[in-house]
Structure formats: C-alpha cells, structure tokens
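What follows is a single structure, written as structure tokens, with notes after it.
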Amino acid sequence: LAAPIMAGGSNLFLTRARYRTALAGAVEALRRAMQEELSELAAEDVRLAAAAVGRITGRIDVEEVLDVIFRDFCIGK
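Note that this note's numbering has the sequence shown beginning at 225, numbered continuously upward.
This is the structure in structure tokens:
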C-alpha cells in the first residue's frame with residue numbers, strides 16, 4: 225500500500241497541509257523502521273507511523289491531545 229508513496233510514484237493528492245505533513249512523517253517513520261536492525265526501535269517507528277496516519281484519519285488518542293495542549297498552549301509550565 226505504501227510502496228508507491230514511498231517510491232515517490234504515487235498520484236496521491238492531499239488537500240490539507242497538515243495531512244501532507246502527517247503522511248510525510250508516516251513515510252519517513254516507515255523508512256526508518258525498514259532500515260532498523262533492532263526490533264524495539266523498528267516497533268517505535270511503526271508506532272510513530274501509525275500515529276501519523278491516525279492524524280489523517282481522525283483517530284487520535286487522549287494522550288496525544290494532552291501532549292499538544294501542554295506543548296502548544298504553555299499549560300503547566
């Protein structure tokens with residue numbers, strides 16, 4: 225599924241900049257995972273890719289929302 229995108233040969237068109245950014249992050253994380261020798265680090269890259277895809281599909285967990293709130297709105301600093 226991701227092979228055409230990762231090879232740069234896809235005709236995929238995303239209208240929102242945040243979707244493009246998330247997809248680029250997912251592709252980069254998958255590239256790292258495929259090159260990683262340690263399974264624990266590869267698993268983390270796959271988790272990061274899944275989170276990036278979740279930002280496109282709307283599947284976001286509570287921890288991620290809290291991370292954004294604390295990071296972007298200076299709450300608790």
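Don't be surprised by glycine CBs; every beta carbon is placed ideally from N, CA and C.
The structure presented is a predicted model; accordingly, all values stated were derived computationally and were not measured.
In this structure, Ala248 lies away from Ile280, with their beta-carbon atoms at least 7 Å apart. For the options Ala241, Ser263, Arg271, Glu264, the alpha carbon positioned closest to that of Ala253 is the one of Arg271. In this structure, the beta-carbon distance from Val277 to Ala250 falls below 7 Å. In this structure, Ala257 and Ala273 form a Cβ contact; the two beta carbons are roughly 7 Å apart against a cut-off of 8 Å. Asp296 counts as exposed, since fewer than 16 other C-beta atoms from the protein chains shown sit within 10 angstroms of its C-beta. For Ile280, the uninterrupted alpha helix (DSSP H) run begins and ends at 263-281, by DSSP.
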